[in-house]
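Sequential numbering from 9 applies to the sequence shown in this note's numbering.
Here is the structure we will look at.
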Amino acid sequence: MEKVNVSIGWSGKNYCASAQGDDLNGVIASTHQTIEGVKDEFESALRFHIEGCLQDGDILPEWLVSGQYELIYVLETSALLHSLDGILTRSAIARISGINERQIGHYASGYRTPRPQQREKIINGIHAISHELASVV
């Protein structure tokens, strides 16, 4: 089964999902206020795109036409941080990751994109917090 990588980011007031590539014959994008909503919208947009390509006579891989693919959603740092709003404070993420809280805010807004090492620190920090919470008896 083929995999289609879908990037989910944060764009002002909505999550945005996109995928592109030669196999897809273009770019597919969607937006929604929730992560689950943007995933549903993306799947609908992808089906619409495939139907439109076929009607136009474009050649698509058989695995795409037949639905033999898996969507792999990858959260950009901005979407990851927004998905945790109301669950974890940015202050807690800053403390555990060692990254300045203001910088965390820049990453959450999409104003700045973290280097891979910074993203890894954020993810490791979130995992550390979840491990700590899971150990509570």
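Beta carbons: idealized from backbone N, C-alpha and C, even for Gly.
Opposing strand residues paired with residue i [DSSP bridges]
i	result
K42	Going by the sequence as given, residue 42 is Thr instead of Lys. Bridge partners of T42: none, in fact.
I134	In DSSP, I134 forms no bridge with anything.
A37	S26
Assigned secondary structure, residue i (DSSP; H/G/I helix, E/B strand, else coil)
i	result
I58	helix
Q28	strand
For residue j and residue i, believed in contact at Cβ under 8 Å, the rounded distance
i	j	result
A102	W18	Not really, about 18 Å apart at Cβ, beyond 8 Å.
A27	V12	6 Å
S91	I43	6 Å
Endpoints, the beta strand (DSSP E) within which residue i is located
i	result
E10	10-19
V82	77-83
Range covered by the alpha helix (DSSP H) that runs through residue i
i	result
E70	70-73
Cβ of residue i within 7 Å of any chain C Cβ
i	result
K11	Annotation note: the requested chain C is absent from the structure, which comprises a single protein chain.
### Query
Counting only runs that start and end within the stretch 92-127, where is the alpha helix (DSSP H) found for 4 or more residues in a row?
98-105, 109-117
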